[in-house]
Each structure stands twice: as C-alpha cells, then as structure tokens.
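One structure is given below, encoded as structure tokens.
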Amino acid sequence: MSLLIRVALDVPLPQLFDYRCSDAAAVVGARVLVPFGRRRMIGVIVERPQLSDVAENKLKLAQRVLDREALLDHDTLRLLHFAAEYYAYPLGAVVMTALPAALRRVPKRDPPPQGWTLSPEGQTVSADQLPPRAYAQQRLLELLRTSGTLAHAEATATPALRKALRAFCDAGWVITCEKTNPAAPAAAAIKADAAPALNAEQSAAVTETIAAFGRFQPLLLRGLTGSGKTEVYLHAAAAALEQGLQVLLLVPEIALTPQLEILVRARFPGIGLATLHSNLAEGERAQRWQAAREGRARIVLGTRLSVFVPLPQLGLIVVDEEHDGSFKQGEGFRYSARDLAVVRASQRGIPVLLGSATPSLESWRNATEGRYRLLELRNRINAAPPRIDYIDLRQQKSEDGLSAPLLAALSQRLAAGEQSLVFINRRGYAPVLTCGSCGWMSDCPRCSARLVLHLRERRLRCHHCGHDRAVPTTCPDCGDADLAPLGQGTQRVEAALVQRFPKARILRIDRDSTRAKQAWTEMRDRIQERDVDILVGTQILAKGHDFPHLNLVGILNADSMLYSSDFRAAERLYALLTQVAGRAGRGATRGQVLVQTQFPDHPLYQALQAQDFAAYAQAQLDERRSAGFPPYVHQALLRAEAAKIDTALDFLAAATRAATPHADGITLYDPVPAGMMRRAGRERAQLLVQCTSRARLREFLGHWQQALAASSTRARWALDVDPQDF
Ligand code: ADP
Ligand code: ZN
Ligand code: ZN
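Residues in the sequence shown are numbered from 734 upward in steps of one, following our numbering.
In structure tokens:
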C-alpha cells in the first residue's frame, strides 16, 4: 500500500511535487529523499493529499522518509507558506531555506538511527576514563549525560563528534534508541542580583509586554541609545522563561555584538541558549537548531534566518534595532525578518517587541496610528543626551578631511584623558585614485563604481565585486606619474591623526581591520581598558556598543549621504547619525558631537540637533504621503540582469506586457537601468510596480510570478517585494 505525499523541493519552480510513499509513518514536516530528474533530492513533506493531479501510474516512489517526526512543525510551515506567497518566491526553496544546510544534504548511506543513549555500561564511565585530550569524547559524554538521549544528527554534528561516537560504539558505551525525548525545560534561574532595578519607564514597558503574553500584540519600544532598552528585553524575557515559554531574540548582526550573548548568558545561567548566525560551522548550526526545535534551548539569539527556527513553546519575540537594513535579505529569497517576526507573532498569538532609537517609518506609522503599542524610554540611564553641533565647512578649511575646530576639540579631550571617535563612512585610504594630467579615474572594470585605494596594502579594490589590483605607478591612460588620491577614507584619516597627535594611541576600526577572527573582541577590550585615545571608524562602531569613556564624536562625511535618489536616504542617515552620536557620553560626562558639513541648516541636521524623533518622523511621513512613497503605497521591484543591458530591458518590457492583463489598480513604471547599472560584470535593470492596496498587490504578484516563470529569457530575474535598495 502506498500513500500520497506532496513535497517541497529546492528547485526554482513555483510548485510542489507529488510522490507515492510506502512508509505509512511519513508525517508532514519530515524530510524525504526523492528521485528528481536524474538526481536524488531532499525535500520536506508539506501535505498528504488524497488525490494528485498526476496520474497514479506516473507518480514516482519516494525513496525514504528521513525523519520519524516533523522537523518543521505546523507553525513553522504556516509561516513559510505565508512567506512564499507574500514574497512571491517558490515554496520549495523557501521551505528548504528554513532547514540548516547540514539537514539538506542527501545522506550517503542507509538511514541512521534515530538517536543515541548511554548503554548501562556507558553510564558508569567517567570523564577521566577517557583518553586525555579526547575533547570530542568528553563533550559527547557530557551531552549524553545531560540530555539523556541525543538525536543522531547532533551526535554526529562534527567530524570529531562522529569519530568519538564510533569510539563509544566500539567500546559498547552507547546504544541506539527510538526517539529522543526532549529534556524537560529547565526552570528559569534568573540572577536577580545581576539585574539593575528598572526605572519607571522601563518598568512600564516590561509590564505592558508581559500583559500581552498569550495574545498577538506588536509593541514598539522607542528609546534613545543608552536608555536601557536591552534591560527591557531581558526582563520581559525573564518573565517569559518563568512561564515556561521560549524567547526569540533577533538582532541585525551577531559577529559584532557578542556583548549581548555574554549578557544573556550571565543573566540566565543554566538556561539553554542557542545563538545562530552565519559564521557557524554547518554541524554546529544544525545542533543548535535542533536544540531550539526540541525545546532544549529556551532562548534563541540570532540573525534574520532565525525567524524560521521551529520553537514549540515560543511565547515572545524581540527584534532589536528593528529599523536595521540587515533584517532584509538582499538576494534570492528576499524576506524581511522583522516583518516576518510580526507575522509569526500574529499567527501564533503572542507579543512581538520591536526596539530602536530610530524606528523605521513603517513601524513608526503603525505605532502612531494605533496598530502597534508605543512604549517610550525618554531618558538615558546615567547621562544627558549628547550635545550636537555643526562645523560649517563653508567657513572652516579642512585638511585631510579634518577641520580646525574638530582638531581643537580632539586635542582637548586628549589632554583630559578622554576618548574620542572620528566617524567616516568609508573604508580604505581614498575612494578613488586620479591622474592629475589626463583626469583618469580608478574605475572598476566590472562595475559602475570606483576602485578604492587601500594604501596600506598598496591595492586598488572594488567594494562591490571584490576586484583587486596593484596600485599603478603611472597613469594607465597617459603614462604620467602624477597620480593622486581623491577624498578620504578611514586609513587616510588615521594617517592624518597620527601625524597631528603623534603621542595619541589611535585605533582604526573598519571591516578591513576587524576581518581577523577575534580582532574586534581584542579591540573592544582595549577600548574598554582605556588603552586607546582616538578611534577612527565606520558604521561598525555605530551599533549598540557601550564605551563609557568616549565623550567626543566627530562626524566627517555625512553630507555625502545627504543627497541621494533613494527616498529612504534621509531616514537611513538620520538613524545612522543618531546611532553614532549615541556613542558619546554614556558615562558621567556629557557627550559632544561635532558634525562637519556644508549644509548646517539642512532640515535633517536641524532635526538631529533637536533630538526630536517624533517630530522628524512625522515630517518624513507627511512627505512620503504627499509624494506617494511607502509606507503609503506598497512596492515590488522586478530585477533583471544579463551580460548586456538590452537583454535585461527587453525582458522587462516583455514582463510589462505580460503584466497588463492583471494590472488593474497597479501602477507599472517603465523599465530602467538599476542605480548601479553594472555589477560584477553583469548589467542590471529594474521595473517598479506599486499599489495602495497590499492585498491587490499580492494578488497581482501571484499572477505575474506565474507568467514570468513560464516565459523564457536569457536574463536572470527576481521579484523583490518591499524593496529596500533601488
Ligand atoms: P540601550 O539598549 O537602550 O542602548 P542599554 O540597555 O544598553 O541601553 O543600557 C545602557 C546602560 O545602562 C547599560 O550599561 C545598562 O546595564 C545600564 N542600565 C540599563 N537600565 C538600567 C537601570 N534601570 N539602572 C541602572 N543601569 C541601567
Ligand atoms: Zn593620465
Ligand atoms: Zn567591481
């Protein structure tokens, strides 16, 4: 007897595939190995239909069901279904994205056992009976001891563990078992003494969050940098843990903010914590994912992909720095983890807490119109907000990008033994190398972009495609030796500061200087220990770091971000400058922020100085409303790329024709070359569609996606719903 299963496969087709299956235990959410074309692939069973559109005798037989229980539970599948439909992306690919890579791989041998447990003999083994330095064996023993049974995937998550497991098998210390029992959730052990007593605004925010447990409620926590948002998250999390709920804490980037992990671990000792980010080894990732799915991890701290982790007792979702662009995936399945966090909370009927000093205008609008509950922290914990002043570059000369008043302020802080930060949003020495006699510029041969001069490494590098070449000694066009760097980057500012302040300890912090593992951790320690006087850095430094001795922030090239064709540029700049300014004066001394600019009267700078986010956001929203931009309209972008721009544009023209029959109420703009037309040797174009009704846009995209999938073209294309970059 065989039954029917409907399977999601990671193929670029917007459909599911039916198979016959002889394993009666095939459950929805389990992985299954199936023949596909001439290959074998892993898929996930998403349905057990009664009937198939395919004739019974044409249906292929699934080879093997790989899991005895659902890997993706009902809630997770529901979220994935929503995401596939909303982002007009093939369900199979979406479902497979949610699985850790290690679980997507076709197994080579026969089905592995379900799980492992210590044999009676194994239970008598103690760690010191193991060979010295057999760390994996010690680890395995401990894992088996603490969790009783271990899923096979976990017991074999790394090569070292696999080897250890073989050794245990040979010694007869382990036996296979049918099913892993998730360990009972440990009762929340909260170190009350480590948590500061909350102030009144914090308490109110925590109380409101807790009051929303058990029902859908988005909460927007707006608080200045240093106003204690993190404490609100931790207290709300503590309450959820005490009620036996799991907590999902989403952050934009983990690699650069290990403090939060340390903080969570210290605050909740003995509570299962799984941190998930892209720098994990595959096996490690799968292991932590399983711990979350089985309920052993009570807190999941992770970047955007974690929004899909199955969490059987999920009771609270927190999204820190909710405005951050890294919550939106930039390619392939272009989902927003922030938005899906809200959807997930709504499907599950739980609260979602979004925090930021500068909420996205989308969230802010939802809060002001009453759809989200607004919670505000208006005061910094220990300090007044920093004072922001402008240095008018029309009146002040600057050398190497540094004006006299900024240099004077730096030298004052230096004399007082205080730290300063010079912020410049560009790494490298100079953004371009030019020839003084013929005007040659260091263009990237593969992109519409300049090669950036990295003087220290003596290379010219493209920050978009990675193209890299030696610095020429003479002009490639005219042969003249008069080559000069134009503009400033972190390396050049660092060099200028070293020259001005030869005794100062200067540290440059950008993606280049923090590339090595641990580099950033060491730098942070040096800053904390006051082993540094002046920091020169990019936005890496803007995110959530607490440097108590940093009192002056100088901002160099903000103007370059002021005028841009992207309607979100102002919103982003305001957020970035607020974040950078927020680094100043977190300790006892009031912070000072000096912004060098040609346009001190620009409304954005004025609003920043007033530090009145609500007024600024309202003005922005009014502008968006009258100009017909999001959040008052909903957008999707059809992106296309090809070797030649014409191929991409032709495809988009055909796409416009295919759209027309379904486009009632939809605005279709003309296809245009992308903001950055060439990238990594490919030429790119895009077509914007827009609608005031979200539901109408979704309906349209459904039709359009199918029409596009059926068309044939040499262009590579993708739909981007709620696009963030143009
Ligand atoms: P944010 O996340 O809003 O930038 P943090 O939560 O990092 O702010 O808080 C800034 C600093 O203030 C941290 O060092 C934190 O430990 C401390 N802090 C937060 N809340 C309190 C409180 N109620 N009492 C004393 N210190 C606090
Ligand atoms: Zn030249
Ligand atoms: Zn390039």
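Don't be surprised by glycine CBs; every beta carbon is placed ideally from N, CA and C.
Self-check item: Candidates Val827, Leu876, Asn1115 and His807: closest to Thr1322 by CA position
Solution: Taking the first residue of the sequence shown as position 1, residue 1322 is located at position 589. When Val827, Leu876, Asn1115 and His807 are compared, the shortest CA-CA separation from Thr1322 is found for Asn1115.
Quiz item: How would you write the range of the beta strand (DSSP E) that Trp1022 sits in, first residue to last?
Solution: What you label residue 1022 is simply residue 289 of the sequence shown in a count that begins at 1. That residue, Trp1022, is in no beta strand (DSSP E); its alpha helix (DSSP H) goes Glu1015 to Arg1026.
Quiz item: beta strand (DSSP E) containing Pro1178: first to last residue?
Solution: Stepping through the sequence shown from its first residue, residue 1178 is reached at position 445. Note, Pro1178: premise wrong, no beta strand (DSSP E); not H, not E.
Exercise. May I ask which residues mark the beginning and end of the beta strand (DSSP E) holding Trp849?
Key: What you label residue 849 is simply residue 116 of the sequence shown in a count that begins at 1. Counting along the chain, the beta strand (DSSP E) containing Trp849 begins and ends at Gly848 to Leu851.
Quiz prompt | Rounded straight-line distance, which links the Cα of Tyr822 to that of Cys902 | solution = Reading the sequence shown from its first residue, position 169 is the one you call residue 902. Reading the sequence shown from its first residue, position 89 is the one you call residue 822. When rounded, the distance between both Cα atoms is 44 angstroms.
Quiz item: CB-CB under 6 angstroms to Ala970, same chain, minus the five flanking residues each way: which ones, in chain order?
Solution: Position 237 of the sequence shown, counting from 1, holds the residue named residue 970. Excluding residues within five positions, the ones whose Cβ falls inside 6 angstroms are Val980.
Quiz item: Just to confirm, does Trp1450 get its C-beta within under 8 angstroms of one of the non-hydrogen atoms of ligand 2?
Solution: Against the sequence shown, residue 1450 aligns to sequence position 717. No.
Quiz item: In whole angstroms, what separates the C-alpha of Ala869 from that of Arg1000?
Solution: The residue you call residue 869 lines up with position 136 of the sequence shown. The residue you call residue 1000 lines up with position 267 of the sequence shown. Whole-angstrom Cα-Cα distance: 28 angstroms.
Self-check item: Exposure label - Ala922; buried when at least 16 CB within 10 Å
Solution: Residue numbering aside, residue 922 sits at position 189 when the sequence shown is read from its first letter. For Ala922, the pLDDT reaches just 49, beneath the cut-off of 50, and the residue's location in the model is therefore unreliable, although a value from the coordinates is still provided. With fewer than 16 other Cβ atoms within 10 Å, it is exposed.
Quiz item: Can you list, in chain order, every residue whose CB sits closer than 6 angstroms to a heavy atom of ligand 2?
Solution: Cys1168, Ser1170, Cys1171, Trp1173, Cys1208, Asp1210, Cys1211 and Asp1213
Quiz item: Where does Tyr1307 fall in DSSP's three states?
Solution: Here residue 1307 is taken as the residue at index 574 of the sequence shown, counted from 1. Here Tyr1307 sits in helix by DSSP.
Quiz item: So, Leu804 versus Leu832, is the Cβ gap smaller than 9 angstroms?
Solution: Within the sequence shown, the letter at position 71 stands for residue 804. Within the sequence shown, the letter at position 99 stands for residue 832. Cβ atoms of Leu804 and Leu832: closer than 9 angstroms.
Quiz item: For Lys962, is the beta carbon positioned less than 8 angstroms from some heavy atom of ligand 1?
Solution: Position 229 of the sequence shown holds residue 962. Indeed, a heavy atom of ligand 1 lies less than 8 angstroms from the Cβ.
Quiz item: Between which two residues does the beta strand (DSSP E) carrying Pro1218 extend?
Solution: On the sequence shown, residue 1218 is found 485 positions in, with the first residue counted as 1. Start and end: Leu1216 to Leu1219.
Self-check item: Residues that DSSP places opposite Asp1122 in a beta bridge
Solution: Stepping through the sequence shown from its first residue, residue 1122 is reached at position 389. According to DSSP, which records beta bridges pairwise, Asp1122 is partnered with Leu1327.
Quiz item: Given Pro1394, which residues of its chain have a CB within under 7 angstroms of its CB, disregarding the five upstream and five downstream residues?
Solution: On the sequence shown, residue 1394 is found 661 positions in, with the first residue counted as 1. Here the set comprises nothing.
Exercise. Please name the residue or residues paired with Val1231 in a DSSP beta bridge.
Key: Here residue 1231 refers to the residue found at position 498 when the sequence shown is read from its first residue. DSSP output for Val1231 lists no bridge partner at all.
Practice problem: Measure the alpha-carbon distance for Pro915 versus Ser880 and round it to whole angstroms. | Solution: Taking the sequence shown and counting its residues from 1, the one referred to as residue 915 is at position 182. Taking the sequence shown and counting its residues from 1, the one referred to as residue 880 is at position 147. Below a pLDDT of 50, predicted positions are generally treated as unreliable, and Pro915, at 45, falls in that range; the measurement from the model is reported next regardless. Cα-Cα distance, rounded: 8 angstroms.
Exercise. In the DSSP assignment, find the alpha helix (DSSP H) that holds Arg771 and state where it starts and stops.
Key: Position 38 of the sequence shown holds residue 771. Unbroken run through Arg771: none, as it is neither H nor E.
Quiz item: What are the residues that DSSP puts in a beta bridge with Gln1423?
Solution: Indexing the sequence shown from 1 puts residue 1423 at position 690. BP columns for Gln1423 point to Gln1368 and Thr1400.
Quiz item: Is Lys962 buried or exposed, if buried means 16 or more other CB atoms sit within 10 Å of its CB?
Solution: Counted from its first residue, the sequence shown places residue 962 at position 229. Per the 10 Å Cβ criterion, buried.
Exercise. Indicate whether Gly1016 and Ile1157 have their beta-carbon atoms separated by less than 9 angstroms.
Key: Along the sequence shown, one-based indexing puts residue 1016 at 283. Along the sequence shown, one-based indexing puts residue 1157 at 424. Their beta carbons are not under 9 angstroms apart, which means Gly1016 does not touch Ile1157 by this criterion.
Exercise. Could you round the C-beta distance between Val1075 and Pro951 to whole angstroms and report it? I think they count as a contact, below 8 angstroms.
Key: Sequence index remark: in the sequence shown, residue 1075 carries index 342 (1-based). Sequence index remark: in the sequence shown, residue 951 carries index 218 (1-based). Between Pro951 and Val1075 the Cβ distance is about 6 angstroms, and since that is below 8 angstroms, they are a contact.
Quiz prompt | Buried or exposed (CB count within 10 angstroms, at least 16 for buried), Gly1199 | solution = As a first step, residue 1199 must be located in the sequence shown, where it is residue number 466. It is exposed - the Cβ of Gly1199 has fewer than 16 other Cβ atoms within 10 Å.
Quiz item: What's the gap between the Cα of Pro768 and the Cα of Ser735?
Solution: For the purposes of this step, residue 768 is identified with residue 35 of the sequence shown, where counting begins at 1. For the purposes of this step, residue 735 is identified with residue 2 of the sequence shown, where counting begins at 1. Between Pro768 and Ser735, the C-alpha separation is close to 16 angstroms.
Exercise. For my contact list, Asp806 and Arg764 are in at a C-beta cut-off of 8 angstroms; report their separation, rounded to the angstrom.
Key: Taking the sequence shown and counting its residues from 1, the one referred to as residue 806 is at position 73. Taking the sequence shown and counting its residues from 1, the one referred to as residue 764 is at position 31. Actually they are not in contact, since the Cβ atoms of Asp806 and Arg764 sit about 13 angstroms apart, beyond 8 angstroms.
Self-check item: Chain-ordered list of residues that sit, by beta carbon, closer than 5 angstroms to a heavy atom of ligand 3
Solution: Residues with their Cβ less than 5 angstroms from any non-hydrogen atom of ligand 3, running along the chain, are Cys1177, Arg1179, Cys1180, Cys1195, His1197, Cys1198 and His1200.
Self-check item: Reference Arg1189, options Pro1209, His1196, Ser1181 and Ala1163, closest by Cα
Solution: Along the sequence shown, read from residue 1 onward, the residue named residue 1189 stands at position 456. Taking only the C-alpha atoms, the option nearest Arg1189 is Ala1163.
Self-check item: Leu1073 versus Met1410 - alpha carbon distance
Solution: The sequence position of residue 1073 within the sequence shown is 340, counting from 1. The sequence position of residue 1410 within the sequence shown is 677, counting from 1. The straight-line gap from Cα to Cα measures roughly 30 angstroms.
Self-check item: Chain-order list of residues whose beta-carbon lies under 8 angstroms from that of Arg838 (same chain, five-residue window excluded)
Solution: By one-based count along the sequence shown, residue 838 stands at place 105. Around Arg838: Ile775.
Quiz item: Are the C-beta of Pro1456 and some C-beta of chain C separated by less than 9 angstroms?
Solution: Checking the listed chains, one finds no chain C in this structure; it contains a single protein chain.
Self-check item: Proximal residues to Asp1201 (C-beta, below 6 angstroms), its chain only, five neighbours per side dropped
Solution: Mapped onto the sequence shown, residue 1201 falls at position 468. Apart from the 5 residues on each side of it in sequence, Asp1201 sits with its Cβ closer than 6 angstroms to the Cβ of Arg1192 and Arg1194 in its chain, given in chain order.
Self-check item: For Phe1280, the three-state DSSP class (helix, strand or coil)
Solution: Looking up residue 1280 in the sequence shown gives position 547. Coil, per DSSP.
Exercise. Report yes if the C-beta distance between Arg1372 and Leu1430 is below 9 angstroms; otherwise report no.
Key: Taking the sequence shown and counting its residues from 1, the one referred to as residue 1372 is at position 639. Taking the sequence shown and counting its residues from 1, the one referred to as residue 1430 is at position 697. No.
Quiz item: Are the beta-carbon atoms of Gln1419 and Thr1400 separated by less than 9 angstroms?
Solution: The sequence position of residue 1419 within the sequence shown is 686, counting from 1. The sequence position of residue 1400 within the sequence shown is 667, counting from 1. No.
Practice problem: Determine the extent of the beta strand (DSSP E) in which Ser936 is found, giving its start and end residues. | Solution: Counting from 1 along the sequence shown, the entry for residue 936 is found at position 203. Careful: Ser936 lies outside any beta strand (DSSP E), inside the alpha helix (DSSP H) at Ala933 to Ala944.
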